[in-house]
């Protein structure tokens, strides 16, 4: 049994092998789908994804408050690509799964603003580069709605989100 961030996890033998061990939340009957992956007793992946069925009967993923639909054209037999269903709203997030375990998350894309400045788009929100708090490959991005009081920010290292801070206030 593992206790991590308020959850208790039990070992799932059928989803493990001699190197990689999968642990699932003991509150799964209460709807929690959190899981951990360990290799040599070190946590290497934390997942909280849920598989749901859409109104049309298609399999979807609910992950961190967003819904993802299966993209067959970008998938193989083992590797599956899922895209955010809010693409019309500007969200470019996508997930890659292998055997129903997330192996890659793409939540940020980079675009140019109307003024030609680099912007980050993440989960449907726009962020501007905070030049005063960015050093080398580590960049801090602030929500473009800061003048409305939003304090949300991102930290990226080489274009990968490593931290999302504060909730959006809009």
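In the working numbering, the protein residues as written are 5 to 174.
Glycine included, every Cβ here is placed at the ideal spot set by N, Cα and C.
None of the values given here were measured: they were computed from a predicted structure.
Which residue comes first and which comes last in the beta strand (DSSP E) that contains residue i?
{"i": "residue 164", "result": "164-169"}
{"i": "residue 172", "result": "Counting along the chain, residue 172 falls outside any beta strand (DSSP E), and DSSP gives it neither H nor E."}
{"i": "residue 123", "result": "122-126"}
{"i": "residue 115", "result": "112-116"}
{"i": "residue 147", "result": "142-147"}
{"i": "residue 24", "result": "24-29"}
{"i": "residue 3", "result": "In this structure the chain extends from 5 to 174, so residue 3 is not present and cannot be described."}
{"i": "residue 11", "result": "11-16"}
{"i": "residue 132", "result": "129-133"}
{"i": "residue 8", "result": "6-8"}
Whole angstroms is fine: what's the gap from residue i's alpha carbon to residue j's?
{"i": "residue 123", "j": "residue 5", "result": "43 Å"}
{"i": "residue 101", "j": "residue 65", "result": "10 Å"}
{"i": "residue 97", "j": "residue 109", "result": "8 Å"}
{"i": "residue 235", "j": "residue 19", "result": "Nothing about residue 235 can be read from this structure; the chain reaches only from 5 to 174."}
{"i": "residue 115", "j": "residue 17", "result": "44 Å"}
{"i": "residue 71", "j": "residue 78", "result": "18 Å"}
{"i": "residue 135", "j": "residue 90", "result": "29 Å"}
{"i": "residue 149", "j": "residue 48", "result": "34 Å"}
{"i": "residue 103", "j": "residue 22", "result": "17 Å"}
{"i": "residue 137", "j": "residue 147", "result": "14 Å"}
{"i": "residue 46", "j": "residue 162", "result": "24 Å"}
{"i": "residue 31", "j": "residue 54", "result": "14 Å"}
Flag this pair as yes or no: are the beta carbons of residue i and residue j separated by less than 8 Å?
{"i": "residue 75", "j": "residue 87", "result": "yes"}
{"i": "residue 125", "j": "residue 112", "result": "yes"}
{"i": "residue 99", "j": "residue 131", "result": "no"}
{"i": "residue 40", "j": "residue 13", "result": "yes"}
{"i": "residue 24", "j": "residue 43", "result": "yes"}
{"i": "residue 127", "j": "residue 145", "result": "no"}
With a cut-off of 8 Å on the beta carbons, I'd call residue i and residue j a contact; round off their distance for me.
{"i": "residue 129", "j": "residue 156", "result": "7 Å"}
Of all the beta strand (DSSP E) runs that stay within the bounds of the stretch 41-99, which reach a length of 3 or more residues? DSSP runs (the beta strand (DSSP E)) wholly in the stretch 41-99: 46-57, 63-67, 70-74, 83-88.
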